[in-house]
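If you're matching positions, the sequence shown starts at 831 in the numbering used here and goes up one per residue. We put the CB at the ideal spot given by N, CA and C, even for glycine. Owing to the predicted nature of the structure, the values given are computational and were not obtained by experimental measurement. To keep things clear, I will list the structure first and then write my remarks on it.
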Amino acid sequence: MSLLLWVLAVILVVSGIVALFRSQLLWGIVLIILGLAVGPGGYSIFN
831 MSLLLWVLAV
841 ILVVSGIVAL
851 FRSQLLWGIV
861 LIILGLAVGP
871 GGYSIFN
(Lines of atoms letter the chains of each structure in order from A and count residues from 1; the text may use other names and numbers.)
(Lines give C-alpha, C1' and ligand atoms only; values in the text may rest on other atoms or scores of the structure.)
Protein backbone atom coordinates (compact mmCIF):
# COMPACT_ATOMS: atom_id res chain seq x y z
CA MET A 1 0.00 0.00 0.00
CA SER A 2 2.84 2.36 0.81
CA LEU A 3 4.40 1.82 -2.61
CA LEU A 4 1.09 2.56 -4.33
CA LEU A 5 0.66 5.81 -2.40
CA TRP A 6 4.24 6.81 -3.17
CA VAL A 7 3.77 6.20 -6.90
CA LEU A 8 0.48 8.13 -6.89
CA ALA A 9 2.13 11.04 -5.07
CA VAL A 10 5.00 11.14 -7.56
CA ILE A 11 2.59 11.17 -10.50
CA LEU A 12 0.57 14.00 -8.96
CA VAL A 13 3.62 16.13 -8.19
CA VAL A 14 5.17 15.60 -11.64
CA SER A 15 1.83 16.45 -13.27
CA GLY A 16 1.67 19.60 -11.15
CA ILE A 17 5.16 20.66 -12.21
CA VAL A 18 4.29 20.06 -15.87
CA ALA A 19 1.11 22.12 -15.42
CA LEU A 20 3.18 24.96 -13.93
CA PHE A 21 5.45 24.95 -16.99
CA ARG A 22 2.37 25.05 -19.23
CA SER A 23 1.19 28.27 -17.49
CA GLN A 24 -1.61 26.57 -15.58
CA LEU A 25 -0.59 27.97 -12.22
CA LEU A 26 -3.66 27.13 -10.13
CA TRP A 27 -4.01 23.57 -11.46
CA GLY A 28 -0.29 22.96 -10.92
CA ILE A 29 -0.40 24.13 -7.32
CA VAL A 30 -3.47 21.99 -6.60
CA LEU A 31 -1.81 18.88 -8.05
CA ILE A 32 1.39 19.44 -6.07
CA ILE A 33 -0.53 19.93 -2.81
CA LEU A 34 -2.58 16.80 -3.49
CA GLY A 35 0.61 14.87 -4.20
CA LEU A 36 2.12 15.98 -0.91
CA ALA A 37 -1.09 15.15 0.97
CA VAL A 38 -1.35 11.64 -0.49
CA GLY A 39 2.32 10.70 -0.24
CA PRO A 40 3.45 8.37 2.54
CA GLY A 41 6.40 10.61 3.51
CA GLY A 42 5.89 13.80 5.46
CA TYR A 43 2.25 14.82 5.82
CA SER A 44 -0.27 12.23 4.67
CA ILE A 45 -4.05 12.33 4.79
CA PHE A 46 -4.06 8.56 5.37
CA ASN A 47 -2.24 8.69 8.73
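A distance below 9 angstroms separates the beta carbons of LEU838 and GLY865. For SER845, the closest alpha carbon among the candidates ALA867, LEU835, VAL860 is that of VAL860.
For SER853, there is no enclosing alpha helix (DSSP H), since its DSSP letter is neither H nor E. Rounded to the nearest angstrom, the Cβ distance from ALA867 to TRP857 is 16 angstroms, too far for a contact under 8 angstroms. A direct Cα-to-Cα measurement between PRO870 and SER853 gives close to 28 angstroms.
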